[in-house]
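Heads up, the sequence shown is in this note's numbering, so the first residue is 22 and it goes up one at a time.
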Amino acid sequence: MTETFTLAHFSDVHLPPVFGSRWQYWNAKRVLGYLNWLRKRRRVHQGEIADKLIADATALRVGHIVITGDLINLGLPSEYEAALDWLRSIGSPEDVTVIPGNHDIYSSLYGDPGVARWAEYMGGENDTLAFPFVRRVGPIGLIGLNSAVETPPFFASGRIGAHQLEIAGEQLTALGEEGIVRVVLIHHPPLPNLAPPRRALSDAAHFAHLLERGDAELVLYGHNHKTRVDWLRSRTKSIPVVGVASASAAVTYGEEPLASYNLFTFFKSENGLRIRHVVRGIDAPDSPVRKISETVLTPGI
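Spelled out as structure tokens, the structure:
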């Protein structure tokens, strides 16, 4: 890698529900999810806040935007269509990469294509998806995993599965042999004990074991609506594992902060790869986006 490259990381946009889907989609989970939207989420998540953060990243001329899931809320066909329009307003598939979250794969769709509508933003085409996928953006190789599975009401857990883990391992190794900087995208917190059981990744330990070979330079996730940096020690180096706040949070909720996003700039130094990590966000719904923090992540140290 000879040039610098900037990657913007957003997650958990939770665009407002869009109605118009047939009654057959309204099962118990969606009814409960809608009540939760009325009680909590509509106050917290506001689409114009996400648009403000996206505009900030665009003004900074980032090289690529990644969104680690939960674009929508109830998994209704009308929501997928609205989210696709929103993605197209941000940029082309060459500029934006998306993976699904648990709200994007929410409950039975009775044959509706669901997230396959976003295939062009997930390394696929013509409503055809395959996970994990690899996308090359500049000197970066994005490895997109799908941890979202349908769950009963009151559960938001995830699972990668043995098939994805096996293929991801092969993809990571191949990219490493080419000298590509590997960035893994996943929705659920990918390490054990980062979320309570009902919201956790059930095979997080298996995923951590995969990364212990040292076959990644950065792992990005969402789901917890909080910025956080952990380090996974591998056989050859330590790998930064970075979560992000909700991109649409107009108010704080419990330990969840106001909206922000991660900005990563990759560059070489005498000590190898360095990643400048900047968090940019808001102080109030009507405030401008500003830099909240800045650190340097050095995989391998």
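For every residue, glycine included, the Cβ atom is placed at its ideal position computed from N, Cα and C.
Notebook entry, point to check: Taking the Cβ atom as the reference point for each residue, do G96 and G135 lie within a distance shorter than 8 Å?
Noted result: The residue you call residue 96 lines up with position 75 of the sequence shown. The residue you call residue 135 lines up with position 114 of the sequence shown. Going by C-beta atoms, G96 is nearer than 8 Å to G135.
Margin query: Between which residues of its own chain and S314 is the CB-CB distance below 6 Å, once the five residues before and five after are set aside?
Written below: Here residue 314 refers to the residue found at position 293 when the sequence shown is read from its first residue. Cβ within range, chain order: V300.
Check: Based on the DSSP secondary-structure assignment, which residues constitute the bridge partners of L241?
Finding: In the sequence shown, counting from the first residue as 1, residue 241 sits at position 220. Paired residue(s): L206 and V263.
Notebook entry, point to check: Nearest CA to the CA of Y282: which residue from T273, P173, N167 and S267?
Noted result: As a first step, residue 282 is located in the sequence shown; it is residue number 261 there, counting from the start. Nearest of T273, P173, N167 and S267 to Y282, Cα basis: S267.
Next item on the list: Identify every residue that forms a DSSP beta bridge with V300.
Entry: Within the sequence shown, the letter at position 279 stands for residue 300. Answer is N283 and S314, bridged to V300.
Checklist line | Contact belief for F175 with R234 at Cβ below 8 Å, rounded distance in angstroms | finding: For the purposes of this step, residue 175 is taken as the residue at position 154 of the sequence shown. For the purposes of this step, residue 234 is taken as the residue at position 213 of the sequence shown. That belief does not hold up - the Cβ atoms of F175 and R234 are roughly 36 Å apart, past 8 Å.
Checklist line | Same chain, Cβ closer than 6 Å to P114, neighbours up to 5 away in sequence not counted | finding: For this step, residue 114 is matched to residue 93 along the sequence shown. The answer, listed in chain order, is E141 and Y142.
Check: When we look at the beta-carbon of L92 and count the other beta-carbons within 10 Å, is it buried (16 or more) or exposed?
Finding: The residue labelled residue 92 in the question sits at position 71 within the sequence shown. That one is buried.
Notebook entry, point to check: Do the stretch 153-165 and the stretch 76-87 touch if we need at least three Cβ pairs shorter than 8 Å?
Noted result: yes
Next item on the list: Measure the C-alpha to C-alpha separation of M22 and F288 and round it to an integer number of angstroms.
Entry: Here residue 22 is taken as the residue at index 1 of the sequence shown, counted from 1. Here residue 288 is taken as the residue at index 267 of the sequence shown, counted from 1. Only weak support exists for where M22 lies, its pLDDT of 48 falling under 50; the coordinates are left without a value.
Next item on the list: Let me know the secondary structure DSSP gives S32 once reduced to three states.
Entry: For the purposes of this step, residue 32 is taken as residue 11 along the sequence shown, with counting starting at 1. Coil at S32, not helix or strand.
Notebook entry, point to check: To which residues of the same chain is L53 closer than 6 Å at the C-beta, ignoring the five residues directly before and after it?
Noted result: For this step, residue 53 is matched to residue 32 along the sequence shown. Closer than 6 Å at the Cβ level, and outside the excluded window around L53, lie P174.
Next item on the list: Ignore the nearest five residues each way along the sequence and tell me which others in G197's own chain have a CB closer than 7 Å to its CB.
Entry: For the purposes of this step, residue 197 is identified with residue 176 of the sequence shown, where counting begins at 1. So the qualifying residues of the chain are R203 and D236.
Note to self: Spatial neighbours of P306 within its chain, please: C-beta separation below 6 Å, excluding the five flanking residues on both sides.
What the structure shows: Sequence index remark: in the sequence shown, residue 306 carries index 285 (1-based). These residues qualify, in order along the chain: A271.
Margin query: If I measure Cβ to Cβ from D77 and keep anything under 7 Å in the same chain, skipping five residues before and after, which residues do I get?
Written below: Residue numbering aside, residue 77 sits at position 56 when the sequence shown is read from its first letter. Cβ neighbours of D77 within its own chain (closer than 7 Å, five residues either side excluded): R301 and V310.
Notebook entry, point to check: With DSSP run on the structure shown, which of helix, strand or coil describes A169?
Noted result: Mapped onto the sequence shown, residue 169 falls at position 148. In this structure, A169 counts as strand in the three-state DSSP scheme.
Next item on the list: Check whether the stretch 182-189 touches the stretch 97-113, taking contact to mean three or more Cβ pairs, one atom from each stretch, closer than 8 Å.
Entry: no
Next item on the list: Jot down the residue ranges of each uninterrupted alpha helix (DSSP H) in the stretch 84-115, minimum 4 residues, whole runs only, in chain order.
Entry: 98-111
Next item on the list: Helix, strand or coil for G275, going by three-state DSSP, please let me know.
Entry: Translated into the one-based positions of the sequence shown, residue 275 becomes position 254. The answer is coil: DSSP assigns G275 none of H, G, I, E or B.
Checklist line | 8 Å Cβ cutoff met for G68 and S269 | finding: In the sequence shown, the residue the question calls residue 68 occupies position 47. In the sequence shown, the residue the question calls residue 269 occupies position 248. Cβ distance < 8 Å, so G68 and S269 count as in contact.
Notebook entry, point to check: Does DSSP put M22 in a helix, a strand or coil?
Noted result: Working through the sequence shown from its first residue, we reach residue 22 at position 1. Confidence at M22 is low in this model, with a pLDDT of 48, below 50, so its placement is unreliable and the value that follows should be read with caution. It is coil, neither helix nor strand.
Notebook entry, point to check: Just to confirm, are L284 and S255 a CB contact at a threshold of 8 Å?
Noted result: Taking the sequence shown and counting its residues from 1, the one referred to as residue 284 is at position 263. Taking the sequence shown and counting its residues from 1, the one referred to as residue 255 is at position 234. Taking 8 Å as the Cβ cut-off, L284 and S255 do not qualify as a contacting pair.
Notebook entry, point to check: From V39 to R62, what does the alpha carbon distance come to, in whole angstroms?
Noted result: Stepping through the sequence shown from its first residue, residue 39 is reached at position 18. Stepping through the sequence shown from its first residue, residue 62 is reached at position 41. So the alpha carbons of these two residues sit roughly 14 Å apart.
Notebook entry, point to check: By Cβ distance, which residues of its chain are closer than 7 Å to R332, with the 5 residues on each side in sequence left out?
Noted result: The question about residue 332 has no answer, for the chain in this structure spans 22 to 322.
Margin query: Can you list, in chain order, the residues of its chain with a C-beta nearer than 8 Å to that of V155? Leave out the 5 residues immediately preceding and following it.
Written below: In the sequence shown, counting from the first residue as 1, residue 155 sits at position 134. G144, G162, L163, I164, G165, Q192 and L196, listed in sequence order.
Next item on the list: Name the residue from D33, K50 and I296 whose alpha carbon lies nearest to the alpha carbon of P278.
Entry: For the purposes of this step, residue 278 is taken as residue 257 along the sequence shown, with counting starting at 1. For the residues D33, K50 and I296, the minimum Cα distance to P278 belongs to D33.
Item checked: Short CB-CB distance (under 8 Å) between K312 and chain B -> Judged by its chain identifiers, the structure shown contains no chain B, having just a single protein chain.
Check: Per DSSP, E146 is paired with what?
Finding: Along the sequence shown, read from residue 1 onward, the residue named residue 146 stands at position 125. Answer is T149.
Check: Does the beta-carbon of R51 have 16 or more other beta-carbons within 10 angstroms, so that it is buried, or is it exposed?
Finding: Here residue 51 refers to the residue found at position 30 of the sequence shown. Under this definition R51 is a buried residue.
Next item on the list: Specify, as a first and last residue, the run of the beta strand (DSSP E) that L212 falls within.
Entry: Counted from its first residue, the sequence shown places residue 212 at position 191. No beta strand (DSSP E) contains L212, which DSSP labels as neither H nor E.
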